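Engineer: Counting with our numbering, you get residues 99 to 229 for the letters of the sequence shown. I have a structure here, written as C-alpha cells, and I will follow up with some questions on it.
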Amino acid sequence: MQVEVTTDEDGFKGSWFAATIIEPSGEDEYLVEYKTLRNDDDTEFLRDDIRACNIRPCPPEIIVVDGFKVMDEVDAYYNEGWWVGVIAKVLINCNYVVYFKEYDEEKTFKHADLRTHQDWLNGKWVVPSEV
C-alpha cells in the first residue's frame, strides 16, 4: 500500500515522505520502505517501523491553475519529502517564497515543487482553508 509517513524526530517535524507498507511489525506499527530515502551506504531504500498514527494515505492531487497566493498553506517538495509551509511571497515565472514556521526559515520553490496542503482528519482529506 502506498502511503506517506511522518516523524516527530528533530529536523523532520512538518514533513511527509512517500513510502510503501511492507507488513505489520507490532501492535499498531508497520514496517515501511521509503520511496526516496536511502540507507547510510546508499545501497537500498530505507526501511523503518512506523506507528500507525504517523501513516496516512497519499493525498489526492489538487490542480492549482491560477497559481498560489500569499498565505496559502502548501507542501513544498524538499530534501526528498513534502514539508508544510505558507506562501510568503509570489515571485515572477511561477516561483514562490515559502515560509516554514517550524524552522523559522524561507526558501524559494517553483510551482511544480508545491502542492496544496491537505490534512487527513477522521478518514477524509481536508484543505485547512475549508475547515
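Note that CB positions come from ideal geometry on N, CA and C, so glycine has one too. A quick note: this is a predicted structure, and the numbers were derived from the prediction, not measured.
1. Nearest to Val188 by CA position, among Phe198, Phe207 and Tyr201, is which residue?
2. Answer yes or no: do Thr118 and Val103 have a C-beta to C-beta separation smaller than 8 Å?
3. Exposed or buried, Val229, counting other C-beta atoms within 10 Å across all chains shown (16 or more means buried)?
4. Pull up the distance between the alpha-carbon of Met169 and that of Ala150, whole angstroms please.
5. Can you pull the DSSP bridge partners for Lys205?
Structural biologist: With the structure as the only source:
1. Phe207
2. no
3. Note that Val229 scores 47 on pLDDT, short of 50, meaning its location in the model is unreliable and no value can be drawn from it.
4. 31 Å
5. Val196
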